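A.B. asks: In our numbering, the protein residues as written are 13 to 92. Ideal placement from N, C-alpha and C gives every residue a C-beta, glycine not left out. Just so it is clear, the structure is predicted and the values come from calculations on it, not from any experiment. Please read through the structure below; I'll follow up with questions.
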């Protein structure tokens, strides 16, 4: 199963996240298929950059977003 999920990057206590498409069995920060966006919760307001066309393509092909990523996608759609 293919998931759209967050991959953690950055320093200790200062994370930022890449929104990636990956196999559900691969590690959190491991092998990925495609990167579809970025999320930085440390900025004010939080920076959310998502390529909605890529996300729509992956969801149409059967990828399932995690709960957190689904919430971020909805926020990005409202701001767009």
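(1) To the nearest whole angstrom, what separates the beta carbons of residue 71 and residue 88, a pair I think is in contact under 8 Å?
(2) Assuming contact is defined by CB atoms lying nearer than 9 Å, are residue 77 and residue 67 in contact in what I supplied?
(3) I'd like to check one pair, residue 20 with residue 37: are the Cβ atoms closer than 9 Å?
(4) What's the C-alpha gap between residue 50 and residue 83?
(5) Measure the C-alpha to C-alpha separation of residue 74 and residue 15 and round it to an integer number of angstroms.
(6) Looking only at its own chain, which residues have a Cβ that is under 8 Å from the Cβ of residue 91, when we skip the five neighbours before and after it?
C.D. replies: Looking at the coordinates:
(1) Counting from one through the chain shown, the residue named residue 71 turns up at place 59. Counting from one through the chain shown, the residue named residue 88 turns up at place 76. Not a contact, Cβ separation roughly 13 Å.
(2) Position 65 of the chain shown, counting from 1, holds the residue named residue 77. Position 55 of the chain shown, counting from 1, holds the residue named residue 67. Going by C-beta atoms, residue 77 is nearer than 9 Å to residue 67.
(3) Sequence index remark: in the chain shown, residue 37 carries index 25 (1-based). Sequence index remark: in the chain shown, residue 20 carries index 8 (1-based). No, the pair does not count as a contact, with Cβ atoms beyond the cut-off.
(4) Within the chain shown, numbered from 1, the residue matching residue 50 stands at position 38. Within the chain shown, numbered from 1, the residue matching residue 83 stands at position 71. In a straight line, the C-alpha of residue 50 is about 14 Å away from that of residue 83.
(5) Position 62 of the chain shown, counted from the start, is the residue given in the question as residue 74. Position 3 of the chain shown, counted from the start, is the residue given in the question as residue 15. Residue 74 and residue 15: Cα-Cα distance of roughly 9 Å.
(6) Locating residue 91 in the chain shown gives position 79, counting from the first residue. Closer than 8 Å at Cβ, skipping near neighbours: 60.
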